[in-house]
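Residue numbers (my numbering), protein chains in the order written: chain A, 13 to 184; chain B, 249 to 860.
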C-alpha cells in the first residue's frame, strides 16, 4: 500500500477497560487514531469525538428521489407517453400510484444507504484492509495510535497506564 | 445510555459464556465437516429440488395445461403456494426490524436465521408467478422499461403489478439488511480461517475492520433500515391481499383482508422460524443462545397473531351474514359446508384452536409440543390460502362452470421442489455463515448473559467476597475478562498494571455513562458487603435502596428481619410503597442466602408480586 502508517496499539480484555482508557484519553486530549472492537460498544462515540452519522439524512434524500421517480414516471407514462383507459378510470389516477411510490421510496432509500455505507467506509467486495490483530473480531478491544500524531513513548505510556494487557507497535 | 432491566427478566445467553466462547460456539459450525444428519437432510432437499426443477421444465415445455386449472379455476396450488411462501418470509423481517425498533433483546438469538429464511422463502414465492404466466421466457415484460413494443408499459393501476414492485423491493431490502448484518461476522470467521477459506471470507467480509466509526455507521444503517423495513413488511402482505381484495369475487372482496393477511403472515412465519430453529439449535448445539426464553417469546407472538387470525375468520362469517348479501353468504357457507369442508375445518383447527394451548406457560416452554404445533400451523396456514383461492373459484357465479379442483402431479411436484429449494438454501447457509449473529449476541452479553442477570448471576459489582470470586474465575477457564477486570488483576499478583489499578478501588464500578456525581455513592456501596436485594420478588430498585439505608444489605440480614420491622421501614420511607407487602421477603431471602435459587424460583412462581 502506498501510505504506510506506523502505529502503536494496546489490547484491552474488556469493553469496560477500553471505555475507561478512552475516557482518560479524552480528558487528557490525547489523539487516538482509531478504536477497534468486536461489536458496537456504546458510549464510545462522544469520547472519540465522532459526530453523529448523517447516513439517515442521505437515506431520506434517496427515498425522496425514489418517491419522485415513481410519481413522475407513472404520471408521464399515463398522461403523456401512452395514455390508456383502464376500466373507464382517469388517466391520472393518483391513489393507484401510491403503492408503487411507497415501494420505490423504500427501495431507493435502502439501496442508496447501503451503497453509501460501504463507499464512505472504504469497504466492499475484494477490499483488503490491513489486519492489526486477529483477535479484534473475537474478544479483544484495541486502541491504536498513529506515531505521527502521538509519539511512540507517549502512546506506550498511556496504554500501559490505562490497563492494556498487551502493547505492540506495527507498520500497516 | 443506562436502561433499567427488570430483575425478573430471564437471561438470554446461558452457560456463563465469555466473548471468546461465543465466537467458538457460533463460528465453529462453518469450520467443521458436516455431520450425518446434515448430509442426509441435504440429499433429501436436493432430490426434492431436482424433482421440482423437472416439473417446472415439464410445465414450461408442455404449457400450463399440465396443471389442473381451467376456465374458472385460474388459480390453484401455484398461487396458494405463492401466498404461503411470502407469508412465511414475514417473520424474518418482523424479528430483525420491528423487534430492533422495540429493543427486544431476544431477537439477537434468532434474527440471522429468520432473515435468511425470509430471503429463501421469497425466492420460492417469486418462482410461482414467474411460471404461472405460461410464457416464462418473456416474464421480463412485467417490468416497466423503455422497449420496442411501443414503448408499451405495464398497467400501474393493477395490484398484480404493485405486487411485483412490493416483492422485488422486499427481497432486495431483506437481502441488503441481512448481508450488512453478516459482514462483521464474516470478518470474525475470516480472522479464524487460513489459506483459501481466508481468501473467500475476506471477499465476503468486504474488508471489515471493526473501527469505531464503522460500527457507528453500521448501527445507524441498521436502525434506519429497520425503520423503513417495518412499513415495508406491512405493505407487502397488504398488497398481496389486494390481489384478492380489489377483485369483485365474493369471499375475496373484503376490506378486512390487509390486516388479516399481515397477521396471518407473521403467524405462519413464526411457525416456520420455530420449526427451523428447534432443529437447528439441536443439531448445532445452540441451546445456550436460543433458549427456552426465546421459544416462549415466539410462542407468545404465535398466540397473539393466531388469535387475531381467528377473530378475522369469525368477523368474515359475521359480516357475510350481517351484510345480507346472498353471494357473500353462499361463499362462506360453501367454504364450511361445500366440497372443500375438510380444508376449512383443517384451517380452523390448526390456526385458531391449536395455538390456544399457548395460554399456558407450561405449554409455551415445552419444546416437543412447540415443534408439533409449529408444523400444524404451517399446514393450517397453507389450508387458509387454499380455502380462500380454491373453494371460491370452484363455485363461481355460473353453476354450469362449477367443478372440483385437485392438483396434478406436476403442481404437487413444483410445491415439493420449492420445499427442496428452501431447505437446500437453508442447509447451505448453516454451513457458510454463523446461524446466530455473533457480534449482536456479544453486545447483549453483559445485560443478558446468565452470569450477569437471573438467579445464577455472579454479583461482581456489589459482592466483594473474594473466595466466591476465585471459585468462579477458576471454574470458567482462563478468559476472565467477562468477570470484571479488577478481580482478575487482583488475583494475578505479577501483573504490572495491578498496582496502578489498586489505587482506584472503585474503578470496576464506574460505568462511563454515569454522571460524575454518582461516584461517591458507588464507593459507599462497594465498601459494604451486599447482595442484590432486587432478586427478591416484590423488591424493586427503590425499595432495595430504602432497605440499604435501613442497614439491610444482604439476603441474610433480610431473612433475619421481621415482617413488622420491614413494614415499618417501608411506612417511614419517602415514596409510596403502600402496595408492597413484605410478608414473603424474609422467606425468600432465606432461600437466597442459602443459595437455593431453584427453590426460590419455585416460590416466586407461586407468589403474586411478592404476596402469598
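Glycine included, every Cβ here is placed at the ideal spot set by N, Cα and C.
Predicted model only: the values in this text are computed from it and were never measured.
* Range of the contiguous alpha helix (DSSP H) that encloses residue 155(A) -> Residue 155(A) -> not in any alpha helix (DSSP H); beta strand (DSSP E) instead, spanning 153-158.
Taking C-alpha atoms, which residue in 139(A), 144(A), 162(A), 111(A) lies nearest to residue 481(B)? 111(A)
Using a Cβ-Cβ distance under 8 Å, would residue 404(B) count as near chain A? yes
* Going along the chain, which residues of the region 449-473 of chain B sit with their C-beta nearer than 9 Å to a C-beta in chain A? -> 450, 451, 452, 453, 454, 455, 456, 457, 458, 459, 460, 461, 462, 463, 464, 465, 466, 467, 468, 469, 471, 472, 473
Through-space distance from residue 159(A) to residue 18(A), alpha-carbon basis
6 Å
Interface positions of the region 408-421 of chain B facing chain A (Cβ-Cβ less than 7 Å), listed along the chain: 410, 413, 414, 417, 420, 421
*Taking only the alpha-carbon atoms, compute the straight-line gap between residue 788(B) and residue 782(B) and give it to the nearest angstrom.*
5 Å
Checklist line | Alpha carbon of residue 749(B) to alpha carbon of residue 175(A), nearest angstrom | finding: At residue 749(B) the pLDDT is 38, less than 50, meaning the model places this residue with poor confidence; the figure from the coordinates comes in the next sentence. Computed Cα separation, rounded: 8 Å.
Considering only DSSP beta bridges, list what residue 459(B) is partnered with.
48(A)
* Asked: Nearest-angstrom Cα distance between residue 769(B) and residue 793(B)?
  -> For residue 769(B), the pLDDT reaches just 40, beneath the cut-off of 50, and the residue's location in the model is therefore unreliable, although a value from the coordinates is still provided. Their Cα atoms are separated by approximately 11 Å.
| Can the beta-carbon of residue 845(B) be found closer than 8 Å to that of residue 541(B)? | no
**Q.** Cβ distance (whole Å) where residue 94(A) is taken to contact residue 558(B) below 8 Å
**A.** In fact, because the Cβ distance is near 47 Å, the residues do not count as touching under 8 Å.
**Study point:** Ranges of the alpha helix (DSSP H) found wholly within the region 616-686 of chain B, counting only runs of at least 4
**Key:** 657-680
Report the three-state DSSP secondary structure of residue 3(A) (helix, strand or coil). As displayed, chain A neither begins before 13 nor continues past 184, which places residue 3(A) out of reach and without an answer.
- Query: Helix, strand or coil: how does DSSP classify residue 115(A) here?
  - Reply: helix
Any beta carbon from chain B within less than 8 Å of residue 170(A)'s own beta carbon? no
The alpha helix (DSSP H) with residue 561(B) in it runs from where to where?
540-571
To be precise: take each residue of the region 551-570 of chain B, compare its Cβ to all Cβ atoms of chain A, and keep it if any distance is under 8 Å. Which residues remain? none
Label residue 167(A) either buried or exposed according to how many other C-beta atoms from any shown protein chain fall within 10 Å of its C-beta, with 16 as the threshold for buried.
-> buried
Straight-line Cα distance separating residue 157(A) from residue 614(B):
53 Å
**Study point:** Closest residue to residue 521(B) among 419(B), 811(B), 294(B), 621(B) (Cα-Cα distance)
**Key:** 621(B)
### Message
My output table needs one value for residue 183(A): the three-state DSSP class, helix, strand or coil.
### Response
strand
| query | Taking just the CA atoms, how far does residue 77(A) sit from residue 113(A)? | reply | 10 Å
Exercise for review: State whether the region 289-307 of chain B contacts the region 690-700 of chain B, with contact taken as three or more CB pairs (one from each stretch) at a distance under 8 Å.
Suggested key: no
Original post:
Helix or strand or just coil, what does DSSP make of residue 178(A)?
Top reply: strand
* Using a Cβ-Cβ cut-off of 6 Å (strictly less than) and excluding sequence neighbours within five positions of residue 659(B), which residues of its own chain qualify? -> 315, 325
TODO: Within its chain, find whatever has a CB closer than 6 Å to the CB of residue 517(B); leave out the 5 residues flanking it on each side and keep chain order.
DONE: 336, 338, 339
Open item on the list: Am I right that residue 460(B) and residue 46(A) are in contact with their C-beta atoms under 8 Å? What's the rounded C-beta distance?
Closed with: 6 Å
**Asked** Which same chain residues, not among the five before or five after residue 332(B), have their C-beta less than 6 Å away from its C-beta?
**Response** 630, 633
Assuming residue 688(B) contacts residue 356(B) (C-beta within less than 8 Å), just tell me the rounded distance between them.
4 Å
Could you pull the DSSP bridge partners for residue 437(B) from this structure? Answer is none; residue 437(B) lacks a bridge partner.
Quiz item: Between residue 606(B) and residue 562(B), is the Cβ-Cβ spacing less than 8 Å?
Solution: no
For the region 483-513 of chain B, which residues have a CB atom closer than 8 Å to at least one CB atom of chain A, in sequence order?
-> 483, 487, 490
- N-terminal and C-terminal residue of the alpha helix (DSSP H) that residue 336(B) is part of: 325-341
Straight-line Cα distance separating residue 803(B) from residue 263(B): 25 Å
Review point. Do we get a CB-CB distance below 8 Å when we pair residue 268(B) with the residues of chain A?
Key: yes
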